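Student: All residue numbers for the sequence shown refer to the UniProt record's numbering, where the first residue is 1 and numbers rise by one.
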Amino acid sequence: MPHSLLKPALPGIALRRWRLLHRVKQSHAAQLFNVTQSTISRWESGIQAMDPAAHQQLEQLLAARLDAAADQALARLVSESSQAMHLVCDLTHRLLACSPSRALQFTSPLTDLMGQSLWRFATQEIQLIEASLEHTGWRETQAPPALEFTTGSNDSSLVPIRPSLCRWTRMTLSDGSAARLVETL
């Protein structure tokens with residue numbers, strides 16, 4: 001995955017969405033990012049690119065967390081499902097929850113994988129689909145409800161992926177961050 005998980009055009013849009021969701025004024029966001037209010041405005045309008053440190057700080061703000069009771073209930077539903085599925089942060093690919101049948105596919109203990117990015121195990125097909133998400137409107141508020149695709153296998157013994165039909169469903173969590181439900185069909 002590239003150093004920054006946000007595509008060049010997205011940081012300003014993502015920052016504005018985060019500010020609006022959390023009712024943060026540009027002046028307060030400027031204090032958080034240690035820049036001027038006009039810099040925040042230029043970032044949001046796409047006139048000025050964010051520097052790498054600001055990108056990283058924004059990614060930390062946008063990363064999915066399961067803090068709210070409703071989000072924890074979602075994680076519990078995934079963790080208790082008989083289907084092969086897992087829940088990851090849509091931005092960072094960190095593992096948030098995993099069903100027992102999915103965990104049985106791993107040779108690494110689930111405790112070692114929780115909170116870790118699963119991106120390093122992605123197949124070539126998953127990488128291509130991920131790269132095309134911006135063109136599908138995936139991160140927009142009216143995102144497609146789900147995306148189905150066929151994947152090949154990877155060479156990992158820790159988190160093996162076999163040729164299968166997959167479904168990704170993007171879900172907005174209570175704090176406005178996004179999680180991705182990954183199912184094998």
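Where is the CB? At the ideal position from N, CA and C, for every residue including glycine.
Note that the structure is a prediction, hence the values are computed from the model and not measured.
In the DSSP assignment, find the unbroken alpha helix (DSSP H) run with Ala54 in it and report its ends.
Tutor: Here residue 54 corresponds to residue number 54 of the sequence shown, with the count starting at 1. Segment Pro52 to Leu62, the alpha helix (DSSP H) holding Ala54.
Student: When you compare each of Val35, Ile40, Arg94 and Thr36 to Arg19 by their alpha carbons, which one comes out closest?
Tutor: For the purposes of this step, residue 19 is taken as residue 19 along the sequence shown, with counting starting at 1. Nearest of Val35, Ile40, Arg94 and Thr36 to Arg19, Cα basis: Ile40.
Student: Gln60 to Thr150, Cα distance in whole Å?
Tutor: Position 60 of the sequence shown, counting from 1, holds the residue named residue 60. Position 150 of the sequence shown, counting from 1, holds the residue named residue 150. If I take the Cα positions, the gap works out to 30 Å.
Student: Which term fits Leu104, buried or exposed, when burial requires 16 or more other beta carbons within 10 angstroms of its beta carbon?
Tutor: Locating residue 104 in the sequence shown gives position 104, counting from the first residue. Counting Cβ neighbours within 10 Å, Leu104 comes out exposed, since fewer than 16 surround it.
Student: Are at least three pairs of beta-carbons, each pair with one atom in the stretch 150 to 163 and one in the stretch 75 to 83, less than 8 Å apart?
Tutor: no
Student: Determine the closest residue to Ile47 out of Gln31, Ala29, Glu80 and Ile13, with distance taken between C-alpha atoms.
Tutor: What you label residue 47 is simply residue 47 of the sequence shown in a count that begins at 1. For the residues Gln31, Ala29, Glu80 and Ile13, the minimum Cα distance to Ile47 belongs to Ile13.
Student: Where do the N-terminal and C-terminal ends of the beta strand (DSSP E) with Trp119 fall, by residue?
Tutor: Locating residue 119 in the sequence shown gives position 119, where the first residue counts as 1. Boundaries cannot be given for Trp119, as no beta strand (DSSP E) includes it and DSSP labels it neither H nor E.
Student: Among Gln83, Gly176 and Ser164, which has the Cα closest to the Cα of Cys98?
Tutor: Taking the first residue of the sequence shown as position 1, residue 98 is located at position 98. From the listed residues Gln83, Gly176 and Ser164, the smallest Cα separation to Cys98 is found for Gln83.
Student: How long is the line joining the alpha carbons of Thr184 and Asp90, rounded to whole angstroms?
Tutor: To locate residue 184, count along the sequence shown from 1; it is residue 184. To locate residue 90, count along the sequence shown from 1; it is residue 90. If I take the Cα positions, the gap works out to 17 Å.
Student: Please name the residue or residues paired with Leu87 in a DSSP beta bridge.
Tutor: What you label residue 87 is simply residue 87 of the sequence shown in a count that begins at 1. Leu87 is bridged to Ala97 and Leu181.
Student: Starting from the C-beta of Gln31, find all residues in its chain whose C-beta is less than 6 Å away, skip the five residues before and the five after it, and write them out in chain order.
Tutor: Position 31 of the sequence shown, counting from 1, holds the residue named residue 31. Correct list: empty, nothing qualifies.
Student: Compare the C-alpha of Ser174 against each of Leu15, His86, His22 and Arg16 and name the closest.
Tutor: Translated into positions along the sequence shown, residue 174 becomes position 174. Nearest of Leu15, His86, His22 and Arg16 to Ser174, Cα basis: His22.
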